[in-house]
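Here the sequence shown is numbered in the numbering used here, starting from 161 and rising by one per residue. Glycine is no exception: its CB is placed at the ideal position from the N, C-alpha and C atoms.
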Amino acid sequence: MLKTLVNAWKVADIRKKIIYTVLMLLVFRLGSHIPVPGIDPNQIKNILGQGTLFGFFDIISGGAFRDFTIFAMSIVPYINASIIMQLLTIAIPSLEQMAKEGEEGRKKIAQYTRYMTVVLALIQAIGMTIGLRGAVINPTFLNLTIIVLTLTAGTSFLMWLGERITENGIGNGSSLIIFAGILARIPNMIYTTVQYVGAGTANIFGAIAFLIVILVMIVSIILMSEGQRRIPVQYAKRVVGRKVYGGQSTHIPLRINMAGVIPLIFALSLLQFPQQIATFFPKSAFYNFTEKWLGTNGWIYNILNVLLIIFFTYFYTAIIFNPVEISDNMKKYGGFIPGIRPGKPTTDFITRVMNRVTFVGSIFLAVVAVLPVIMMNVTGLQLYFGGTALLIAVGVALETMKQIEGQLIMRNYQGFLR
């Protein structure tokens, strides 16, 4: 990894992209220290200390939520809007056709995603402001409106910043913003851990055990992200005139974690929904029910989380991976799986293998999501460092390094042609 970065730095074009990306991420970190007007930060910290789902926002935003700055919602509404648009593109024929229209179609879908981001950000800002109205210094209608608009504008700016990074920098901009936020929280987590151990809330052995589990999870995430089940494919020879085509062997790579972090985000969004609705009715029985049974440390929450992650892993994998299409393409170009007849038997075989691989991936994602919560309960370290954040951080780091390696290979190839 270090060698790749050194080699990339030597290439002027890639070096400019890296510098641009770092500068844009510094803008994000600078904005994470600009507070939203009219908010009492001490009250926000007290609310976070109650173990609510807001702790996850604090991790993703790099501490911007704890200080309730203009980037408190981070870029989460944009991520949700992108996922929803991806699903709608598959479900709605007109959007599916638009996506196949090339660059112009993708631009239209990107524009719809931006509109949806603003709407989701506005809804989330309203819910967040109502849920945290106890931290508002003077909760008049005007002040609440200013807070909502400030949060929405902050997310909209991050959306623009992410698109600029994707276009002019290295890696996916929105993913890197979340990655930078997660990394920014690590020093605070270390300090908090030292405080817990010093106060006797947690012992040193528990802290070491928690660290070992995190390191093992990082290694496991890397292995599972790179792991794949390869289905061998053989292409029949074809004679066209005096030339012979085909005859080569290849494979279909089925990644173990094909769905990535999407199932965790889906499950988290669905589990957050009841609590966000409950914030509108703070003195109701529904609010008490969500606080008691749907808390992040509760066993009902974690069981539901595991079941939803497994379901969404299968659901999302079925959307992005089409065995029928792969089987038809193989048949069209004379390809076949050794020992399997072309057509429906090939489709059934690929589906069967994919289901087995997906099962392993879904169980792994569920363990990644729940294990940190179990460790926090066992060790007494309330760090709110979920497996979702860890999976995002490692996944973004791997994808960014692959993109840098790809740019290096492309430039070396171009140099060879010259």
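Three or more Cβ pairs closer than 8 Å define a contact, and the segment 480-499 falls short of that threshold against the segment 343-359. The three-state secondary structure of residue 429, taken from DSSP, is helix. A contact between stretches requires three or more CB pairs, one per stretch, nearer than 8 Å, and the segment 315-326 meets this requirement with the segment 167-187. Taking a 10 Å sphere around the C-beta of residue 226, we find 16 or more other C-beta atoms and assign the residue as buried. Contact annotation: the segment 446-459 does not touch the segment 383-399, with fewer than three C-beta pairs closer than 8 Å.
Around the CB of residue 279, fewer than 16 other CB atoms lie within 10 Å, so the residue is classed as exposed. Taking a contact to require three or more Cβ pairs closer than 8 Å, the segment 240-247 and the segment 421-430 qualify as touching. Per the DSSP secondary-structure output, residue 415 pairs in a beta bridge with 388. The beta carbon of residue 568 is closer than 8 Å to those of 164, 167, 168, 171 and 174 in its chain, skipping five residues each way along the sequence. In this model, residue 282 and residue 229 are separated by some 16 Å (Cα to Cα). Separation of residue 388 and residue 316 (C-alpha to C-alpha, rounded to the nearest whole angstrom) is 37 Å.
The DSSP-derived three-state label of residue 567 is helix. Residues 304, 307 and 308 of the same chain have their beta carbon placed closer than 7 Å to that of residue 289, with the five preceding and five following residues left out of the count. Residue pairing by DSSP places residue 495 opposite 395 in a beta bridge. From the listed residues 284, 540, 419 and 271, the smallest Cα separation to residue 429 is found for 284. Segment contact: the segment 342-349 against the segment 510-517, fewer than three CB-CB distances shorter than 8 Å; contact not assigned. For residue 421, the three-state secondary structure derived from DSSP is coil.
DSSP places residue 502 outside any alpha helix (DSSP H), giving it a letter other than H or E. Excluding sequence positions up to five before and after residue 504, its CB lies less than 6 Å from no other CB in the same chain. A contact is defined here as three or more CB-CB pairs under 8 Å, and the segment 248-264 fails this definition with respect to the segment 329-340.
Cα atoms of residue 369 and residue 531: separation of roughly 12 Å, rounded to the nearest angstrom. Between residue 539 and residue 549, the alpha-carbon positions lie close to 19 Å from each other. When rounded, the separation of the alpha-carbon atoms in residue 296 and residue 201 is 9 Å.
In the DSSP secondary-structure assignment, residue 296 is bridged to 199. By the criterion of a C-beta distance shorter than 8 Å, residue 232 is surrounded in its chain by 196, 217, 221, 224, 225, 288, 311 and 314, once the five residues flanking it on both sides are discounted. Beta-carbon to beta-carbon, residue 476 and residue 431 are separated by about 17 Å, too far to satisfy the 8 Å threshold. When DSSP reads this structure, residue 310 sits in no beta bridge, so it has no partner.
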